[in-house]
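I have placed the structure first, in the form of C-alpha cells, so that the comments after it can refer back to it.
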Amino acid sequence: MDRGNSISICRRHCSHTGSTHRRTPRLALAAFAFASLAACADETEPATELCPSGHSGKSDLPVAATASAGGTTYYVRADGGDARQCNGRVDAAYSGSGAADGCAWNNPAIALPASGPARIAGGDTLMIGAGTYEIGDGGPMQSIPSGPSRANPTRLLGKPGATPKLVGIAGTHRVLNLDGSSNVEIGNLEVTDNSDCVYKHPDPAAACAGSMPWARVGLYARASSNVWLHDLDIHGLAARGINAGGLRDWTVERVKLNRNGTAGWDGNIGDGGSNSGRIVLREVEIAWNGCGERVATGAPWACWAQQTGGYGDGLGTTDTGGQWLIQDAFVHHNTSDGLDLRYMDGADATRVTLRRIHAVANAGNQVKVKGNSLIENSVLVGNCSYFKHKFFMTDRDLCRADGSTLQLVMTGHDTAIVRHNTISGEGAVQIGHSEGNPTDRIQVRNNLVIGSPYYLRPDNLTAFSGGRTWAITSYAGNIAWHVRDCPGDTVCDQNPHLANMTLAAFDAQPLAGSPASGKAGAVPCGKAPIR
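With this note's numbering applied, the sequence shown corresponds to residues 1407 to 1937, in that order.
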C-alpha cells in the first residue's frame, strides 16, 4: 500500500490545521506501509492526537531539531581513495595517482578510524555514496564527534537516492558508534554484517567463530543526547540491532530493526543506562529479533530465547526514566516480549505513550508497560505460541509471564489509560495488571477484546483482564467476545464480526454491521504484511 494513499484515507478524522510536515528521504528497503497501521476510528477524545503523521497532535513529542550544518562536508564513495590519496572534500573518484587529491574517501572508517584522531569534526557532514563498505577491520569506528549544538549536529548520511550498506566484519563490537556522542544525525543507511551466525548461540552450527565476517551490534550509544536516527535498516547483526542506554532526547523515525540474533533494541549498557527527556520512535518495524538472518535470502533462522541462553525482546530497557512515545510501529515475531517497558522507574514525570501499535506473534507479552501510560488505537494479537516446534524455541519460551497480551505494572500514584484498542490472544489474560497500590488508576475504555483458549490450559478461555494490582480499575464502553469474564459494563454477548478472528490470521477490520464499528476497538486503515 502506498503510504501517501493510506494517510489520505485516514485524514478525514484528523485536523491538520497549523501543522507542518517535513519531507524526508525514504529508505528504499523499507517496503512495508507504516501508515497502513494508522487508526481511522472516529474518536472525539482527543481527535488531534490520532493523526497518522504524528506531528500535529497537541500532546505529541517533537523530533530532535535539525538545521543545515555549518561545518565541512566530506564524501565517501566506492571509487574513492584512502586517507593518503584523497582529502575527502570533493565528491569525486580517485584518479589513480597523486596524494591528498580533491576526491572522496573509499570508506567511512577513514573519517572515524579505530585509532588516531578523527578526520571530521563536530558539526561536519559525512556524505556516503552508493556501495557496500566493510567496517571493523582493525577495530570499530571511533565515536562520532558531537555537534556543537542541537541546531548544528554532526551528520552521517547516505547520499540521497542511494542506500549505502555498512557491513560489520571481524567480530567488531559495533558498526556505528555513538559512545558519548550528542547532537548527531544518522540517516539513509543499511547496517548489517555478512554472516548467518548468532552470537553465543548454543548450536555450534549457528554460533559465530572468529573467522566469520560478523559484527555484534549495529549501533551502540551511551551518554548520548539530541540524536536523530532516520531511514535506517538495521538487520542481521549477530547480537543486537541497537544497544543503547543513558540517552536523552532521542528521535527515531522510519527505522527497521529486524532479525538480529539476540535483541532488536537492548537498553542494557551496564551502569548509566537510565534514559531521560523525550525518547520518540515513529514508523518503526521491530521483528524477528532473537533470530539469525540468512545473508543469501534474508530469511530468519536459529531463533532462540531465554531457556537456551538467549534473550529475544524486540525492545527492552533496564531501569529507565523519560517520556516515551512509540507510534505507528509494527512489532512482530520477536522471541520474547515485543515492547518491554517493564523497567520504567515509575516517577511522576515518567510516561509511556503507545499509539497505533500493531504487535503480533511475539513469544512473550506483546506489550509490557510500567507506570504512567497511555495505550490507544492499537492492535495487539498475542498468538504467543507461534514459535512452537520452530527453530530452537522450547515450550517454556512460549507465552512467558502468563502470555498476557498487554501487561500493566503499577508503582503508586500512576494512571494507565487503555482505550480504543483491539486486543486478542491466548495468554492467561488479555489485559494483565500487577503491583501498585490504591492510589493507582487504570482506565479501560472502548476496547474490543477477543478471547481464545488459554495456551497452557486449552479447556479454559482467556480472561478479559486479571492480576494482583491494588489499583482502582474502571471499565466503560468495552466489547468482548469469547472471554472468561465480563467486567463492568462490558458487552459480551454480541459477535463483533471482524474480518478474521483467528490468531494465525487475525484481521481487526470490522465487517458491515459489526457492533464494534465506531464504538470500540482500533480500526486499521489497512494491514501491514506479516512476513
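Where is the CB? At the ideal position from N, CA and C, for every residue including glycine.
Closest Cα partner of residue i within the set the options
| i | options | result |
| --- | --- | --- |
| N1901 | V1855, L1862, D1895 and L1582 | V1855 |
| Y1860 | Q1713, A1877, G1809 and I1848 | G1809 |
| A1398 | I1541, S1858 and L1760 | Coverage of the chain is limited to positions 1407 through 1937, which leaves residue 1398 absent and any answer about it impossible. |
| N1827 | R1762, C1790 and L1804 | R1762 |
| T1811 | H1738, L1563, R1700 and P1608 | H1738 |
| V1850 | A1869, N1884, P1844 and N1866 | N1884 |
| K1571 | G1577, D1637, A1629 and S1588 | D1637 |
| G1545 | R1688, A1621 and A1822 | A1621 |
| A1834 | Q1813, V1824 and N1852 | Q1813 |
| L1731 | W1887, I1685 and S1830 | I1685 |
| N1664 | L1584, T1741, Y1481 and A1613 | T1741 |
| F1736 | R1802, C1697, L1518 and V1690 | V1690 |
| Y1481 | A1693, A1498 and Q1491 | A1498 |
| V1496 | S1503, G1522 and L1532 | L1532 |
| A1524 | E1540, G1508, G1728 and A1489 | A1489 |
| H1888 | S1830, N1852, N1853 and A1644 | S1830 |
| I1878 | P1519, S1840, W1694 and A1627 | S1840 |
| W1656 | A1869, A1914, W1671 and S1631 | S1631 |
| I1592 | N1583, G1586 and L1563 | L1563 |
Straight-line gap, residue i to residue j (C-alpha atoms, nearest Å)
| i | j | result |
| --- | --- | --- |
| Y1500 | A1536 | 16 Å |
| A1669 | N1771 | 15 Å |
| L1862 | V1766 | 19 Å |
| R1660 | A1568 | 16 Å |
| L1595 | G1642 | 14 Å |
| G1752 | H1795 | 38 Å |
| K1925 | L1904 | 14 Å |
| D1511 | R1748 | Residue identity differs from the one stated: residue 1511 is Trp in this sequence, not Asp. When rounded, the distance between both Cα atoms is 44 Å. |
| S1588 | G1673 | 17 Å |
| A1705 | D1599 | 14 Å |
| I1516 | S1784 | 44 Å |
| P1921 | G1788 | 23 Å |
| G1698 | P1844 | 44 Å |
| L1456 | V1758 | Because the pLDDT at L1456 is just 32, under 50, the model does not fix this residue reliably, and the value given afterwards should be weighed accordingly. Straight-line Cα distance between these residues: approximately 16 Å. |
| A1629 | G1678 | 8 Å |
| E1832 | E1782 | 21 Å |
| I1837 | P1514 | 47 Å |
| G1502 | G1487 | 8 Å |
| L1745 | C1790 | 14 Å |
| S1682 | D1725 | 11 Å |
| G1722 | N1649 | 10 Å |
| A1807 | R1874 | 13 Å |
| L1635 | R1688 | 10 Å |
| A1576 | R1646 | 16 Å |
| G1651 | A1769 | 24 Å |
| F1798 | G1508 | 53 Å |
| V1773 | A1505 | 56 Å |
| A1611 | W1707 | 11 Å |
| A1484 | Q1712 | 41 Å |
| H1607 | M1750 | 29 Å |
| A1755 | R1825 | 21 Å |
| G1716 | G1696 | 7 Å |
| A1444 | D1734 | Per-residue confidence for A1444 stands at a pLDDT of 34, beneath the threshold of 50, marking its modelled position as unreliable; the derived number appears in the next sentence. A1444 and D1734: Cα-Cα distance of roughly 7 Å. |
| Q1548 | K1662 | 24 Å |
First through last residue of the alpha helix (DSSP H) which encompasses residue i
| i | result |
| --- | --- |
| A1515 | P1514 to A1517 |
Endpoints, the beta strand (DSSP E) within which residue i is located
| i | result |
| --- | --- |
| M1618 | Element bounds for M1618: n/a, residue is neither H nor E. |
| S1880 | I1878 to A1882 |
| L1786 | V1785 to G1788 |
| Y1481 | T1479 to G1487 |
| I1575 | Looking at the DSSP string, I1575 is not in any beta strand (DSSP E), and its letter there is neither H nor E. |
| K1776 | V1773 to K1776 |
| M1816 | L1812 to M1816 |
| N1593 | Per the sequence presented here, residue 1593 reads as Gly, with Asn not at that position. Element bounds for G1593: V1590 to D1599. |
| M1799 | Counting along the chain, M1799 falls outside any beta strand (DSSP E), and DSSP gives it neither H nor E. |
| S1871 | A1869 to G1873 |
| S1840 | V1835 to E1841 |
| T1538 | T1538 to I1541 |
| E1782 | S1779 to E1782 |
| A1822 | T1821 to R1825 |
| G1857 | Run containing G1857: none; DSSP gives neither H nor E here. |
| I1526 | I1526 -> no beta strand (DSSP E), and no H or E assigned at all. |
| G1564 | T1560 to G1564 |
CB contact below 8 Å: residue i versus chain C
| i | result |
| --- | --- |
| G1586 | This model lacks chain C altogether, as it is built from one protein chain only. |
query: For the 8 Å Cβ check, are there 3 or more pairs between the stretch 1528 to 1545 and the stretch 1554 to 1562?
result: At 8 Å Cβ cutoff, the stretches touch.
- prompt: Within the chosen definition, does the stretch 1815 to 1823 reach the stretch 1768 to 1784 through at least 3 CB pairs nearer than 8 Å?
  reply: Yes, the stretch 1815 to 1823 is in contact with the stretch 1768 to 1784.
task: Only counting runs of 4 or more residues, tell me where the alpha helix (DSSP H) segments fall wholly within the stretch 1710 to 1770, in order along the chain.
output: none
task: Jot down the residue ranges of each uninterrupted beta strand (DSSP E) in the stretch 1647 to 1716, minimum 3 residues, whole runs only, in chain order.
output: 1669 to 1672 and 1682 to 1693
- request: With a floor of 3 residues, list each beta strand (DSSP E) that falls wholly inside the stretch 1883 to 1933, ordered by position along the chain.
  value: 1885 to 1887, 1904 to 1906 and 1913 to 1916
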